[in-house]
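**Student:** In the working numbering, the protein residues as written are 110 to 522.
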């Protein structure tokens, strides 16, 4: 712990915030960025003064390259762990630029890493794997062990020597909502609970601010949201109409003082023109409600319209639509359930990219709607019981507004 405090203080002393910002807040944002970009691992390296410490040292194979140790332990030599599952090259070379090289393949790279790991040991080397990881079965060894098995285990792989499942994660005590459960809950708060109950507790139950740092991109999105509200009540939605609307809202809401303000403004106008083209039917109420387990769930669609003889719920996305489909969210299914109850007919659901105007239908089947309502009911019962256990996620946690106050190890709040 003393070493960890020393490393934190070293990082703090080395940080140089801008003179016009609060140094404490800027330092916390710096730590958040390191976590988001997965660069904090470099900060865990032992300082040179502590290199001889009598302790177990954890490091990646890359970090161990060039070093030697009396005892080396290589864990998790199992499929999808070492080597990890193959990932597509994010930036492949165009055909003909370079000849194929067997030494430059992913398999060759993993074999090289295995050689580096094996050759770090001076006296004793231990290679291990598990039959199960997090409940998932991995009965077969890694392919990297095949050429080594006759040497490491001439008589065949031994039976598992460690069968204990280990300690279960601590279960936090129930946290009752002060004043009881609210009779009304926004669907976004429900989604927060489904993704991480602890985040919902901080934001919805305790009422702590969810707002992160004000950025030009967030102000840009504020302009888009207000533009959608304006379009919903307009019959004329030409580019000239959109431009006149932006003239009145840009200086107040948008990043008008940003160096790239011209580009932001142009993008906002193109997006709102695309939105206006999609919002061509008879507008219906965007605000919807549904009572589940005695709690009224409220939701607001980007736009709902009567078009082509049916009702369409539109979700406007500022970026491009995902090639493999948009990630399902509770609000999409619950909005369909709300519209069906209110209008008496089933509605379709449509994702629309404001960037290029492309559209993709993602209507939730009737059976899935029932499952979504049941899932919401279960979540509401858990909220009423005070179950706000944290869900650790290395990708989501650093972007959470409560990242620095959340004890994800299960300690009491």
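Glycine residues also receive a C-beta, built at the ideal position from the N, C-alpha and C atoms. Nothing here was measured: the structure is a model prediction, and the numbers come from that model.
1. Whole-angstrom Cβ separation of residue 185 and residue 238, contact assumed at under 8 Å?
2. Taking the continuous beta strand (DSSP E) assigned at residue 424, which residues delimit it?
3. Who are the near neighbours of residue 295 in its chain, counting only those whose CB is closer than 6 Å to its CB and skipping five residues on each side?
4. Could you have a look at residue 163 and say whether DSSP puts it in helix, strand or coil?
5. Within its chain, find whatever has a CB closer than 6 Å to the CB of residue 225; leave out the 5 residues flanking it on each side and keep chain order.
6. Where residue 161 and residue 250 are concerned, what is the direct C-alpha to C-alpha distance, given to the nearest angstrom?
7. Below 8 Å between beta carbons: does that hold for residue 183 and residue 236?
8. Check the DSSP bridge columns for residue 401 and list the partner residues they point to.
9. With three or more C-beta pairs closer than 8 Å as the rule, is the stretch 370 to 380 touching the stretch 443 to 454?
10. Residue 289: buried (16+ other C-beta within 10 angstroms of its C-beta) or exposed?
11. So within the stretch 193 to 233, which uninterrupted alpha helix (DSSP H) runs reach at least 4 residues, ignoring any that extend past its ends?
12. Quick one: grab the DSSP three-state call for residue 519.
13. State whether the stretch 314 to 324 contacts the stretch 428 to 437, with contact taken as three or more CB pairs (one from each stretch) at a distance under 8 Å.
14. Hey, quick one: how far does the beta strand (DSSP E) through residue 469 stretch, first residue to last?
15. Tell me the rounded alpha-carbon separation between residue 292 and residue 143.
16. Between the Cα of residue 219 and those of 245, 254 and 379, spot the shortest distance and give me the residue it belongs to.
17. Pull up the distance between the alpha-carbon of residue 519 and that of residue 473, whole angstroms please.
18. List, from N- to C-terminal side, the alpha helix (DSSP H) runs of 4 residues or more that fit wholly inside the stretch 122 to 158.
19. Could you tell me whether the Cβ atoms of residue 383 and residue 495 are closer together than 8 Å?
20. Roughly how many whole angstroms lie between the Cα atoms of residue 479 and residue 422?
21. Considering only the alpha carbon of each residue, which of 364, 366, 367 and 337 lies closest to residue 354?
22. Could you check if residue 187 is buried or exposed, using at least 16 other CB atoms within 10 Å of its CB as the buried criterion?
23. Below 8 Å on the Cβ atoms is my contact criterion, and I expect residue 500 with residue 200 to pass it. Report the Cβ-Cβ distance as a whole number of Å.
24. In the structure shown, what three-state DSSP assignment does residue 246 receive?
25. From which residue to which residue does the alpha helix (DSSP H) around residue 296 run?
26. Please classify residue 440: is it buried, with 16 or more other beta-carbons within 10 angstroms of its beta-carbon, or exposed?
27. With DSSP collapsed to three states, give me the class of residue 601.
28. Quick check on this structure: which residue in 112, 409 and 360 has the alpha carbon closest to the alpha carbon of residue 157?
29. Taking Cβ positions, are residue 310 and residue 284 nearer each other than 8 Å?
30. Helix, strand or coil for residue 341? Go by DSSP, reduced to three states.
31. Got a sec? Which residues, its chain only, sit under 7 Å from residue 488 by beta carbon, not counting five neighbours each side?
32. Once DSSP output is grouped into helix, strand and coil, what is the label at residue 412?
33. So, is residue 462 buried or exposed, given that buried needs 16 or more other C-beta atoms within 10 angstroms?
34. Checking 8 Å against the spacing of the C-beta atoms, do residue 446 and residue 399 come in under that value?
**Tutor:** Looking at the atomic coordinates:
1. For the purposes of this step, residue 185 is taken as the residue at position 76 of the chain shown. For the purposes of this step, residue 238 is taken as the residue at position 129 of the chain shown. With 8 Å as the limit, residue 185 and residue 238 qualify as a contact, their Cβ atoms being about 6 Å apart.
2. Within the chain shown, the letter at position 315 stands for residue 424. Taken as a continuous stretch (DSSP letters only), the beta strand (DSSP E) holding residue 424 covers 419 to 426.
3. Locating residue 295 in the chain shown gives position 186, counting from the first residue. Taken in chain order, the residues that qualify are 407.
4. Taking the first residue of the chain shown as 1, we reach residue 163 at position 54. In this structure, residue 163 counts as coil in the three-state DSSP scheme.
5. One-based indexing of the chain shown puts residue 225 at position 116. Answer for residue 225: 170 and 174, listed in chain order.
6. Here residue 161 is taken as the residue at index 52 of the chain shown, counted from 1. Here residue 250 is taken as the residue at index 141 of the chain shown, counted from 1. Taking the straight line joining both Cα atoms gives about 34 Å.
7. As a first step, residue 183 must be located in the chain shown, where it is residue number 74. As a first step, residue 236 must be located in the chain shown, where it is residue number 127. In contact: residue 183 and residue 236 (Cβ atoms closer than 8 Å).
8. As a first step, residue 401 must be located in the chain shown, where it is residue number 292. For residue 401, which the question treats as bridged, DSSP gives the partners 404.
9. no
10. Locating residue 289 in the chain shown gives position 180, counting from the first residue. That one is exposed.
11. 215 to 227
12. Taking the first residue of the chain shown as position 1, residue 519 is located at position 410. Low confidence applies here, because residue 519 scores a pLDDT of 46, under 50, leaving its location unreliable; read the following figure in that light. Residue 519 falls in the coil class under three-state DSSP.
13. no
14. Position 360 of the chain shown, counted from the first residue, corresponds to residue 469. Residues 468 to 470.
15. Counting from 1 along the chain shown, the entry for residue 292 is found at position 183. Counting from 1 along the chain shown, the entry for residue 143 is found at position 34. Their Cα atoms are separated by approximately 40 Å.
16. Walking along the chain shown from the start, residue 219 turns up at place 110. Here the closest residue by C-alpha is 254.
17. Sequence index remark: in the chain shown, residue 519 carries index 410 (1-based). Sequence index remark: in the chain shown, residue 473 carries index 364 (1-based). With a pLDDT of 46 at residue 519, under the threshold of 50, the modelled position of that residue is not reliable, and the figure given next carries that caveat. Approximately 35 Å, taken between the alpha carbons.
18. 132 to 145
19. If you number the chain shown from 1, residue 383 lands on position 274. If you number the chain shown from 1, residue 495 lands on position 386. Not closer than 8 Å, so no.
20. Translated into positions along the chain shown, residue 479 becomes position 370. Translated into positions along the chain shown, residue 422 becomes position 313. Computed Cα separation, rounded: 18 Å.
21. As a working note, residue 354 is residue 245 in the chain shown. When each option's Cα is compared against that of residue 354, the closest is 337.
22. Locating residue 187 in the chain shown gives position 78, where the first residue counts as 1. By the neighbour-count rule (16 or more Cβ atoms within 10 Å), residue 187 is buried.
23. Taking the first residue of the chain shown as 1, we reach residue 500 at position 391. Taking the first residue of the chain shown as 1, we reach residue 200 at position 91. The pair is not a contact, with the Cβ atoms about 33 Å apart (cut-off 8 Å).
24. What you label residue 246 is simply residue 137 of the chain shown in a count that begins at 1. Residue 246 falls in the strand class under three-state DSSP.
25. Numbered from 1 along the chain shown, position 187 holds the residue referred to as residue 296. Note, residue 296: alpha helix (DSSP H), 296 to 304.
26. Translated into positions along the chain shown, residue 440 becomes position 331. Classification of residue 440: buried, given that the 10 Å Cβ count is 16 or more.
27. This structure cannot settle anything about residue 601, because the visible part of the chain is limited to 110 through 522.
28. Counting from 1 along the chain shown, the entry for residue 157 is found at position 48. Answer by Cα proximity: 112.
29. On the chain shown, position 201 is the one that residue 310 refers to. On the chain shown, position 175 is the one that residue 284 refers to. In contact: residue 310 and residue 284 (Cβ atoms closer than 8 Å).
30. Counting from one through the chain shown, the residue named residue 341 turns up at place 232. Helix.
31. Reading the chain shown from its first residue, position 379 is the one you call residue 488. Excluding positions up to five away in sequence, the list reads 299, 302 and 303.
32. Position 303 of the chain shown, counted from the first residue, corresponds to residue 412. Correct three-state label for residue 412: strand.
33. Mapped onto the chain shown, residue 462 falls at position 353. With 16 or more Cβ atoms within 10 Å of its Cβ, residue 462 is classed as buried.
34. Position 337 of the chain shown, counting from 1, holds the residue named residue 446. Position 290 of the chain shown, counting from 1, holds the residue named residue 399. Cβ atoms of residue 446 and residue 399: closer than 8 Å.
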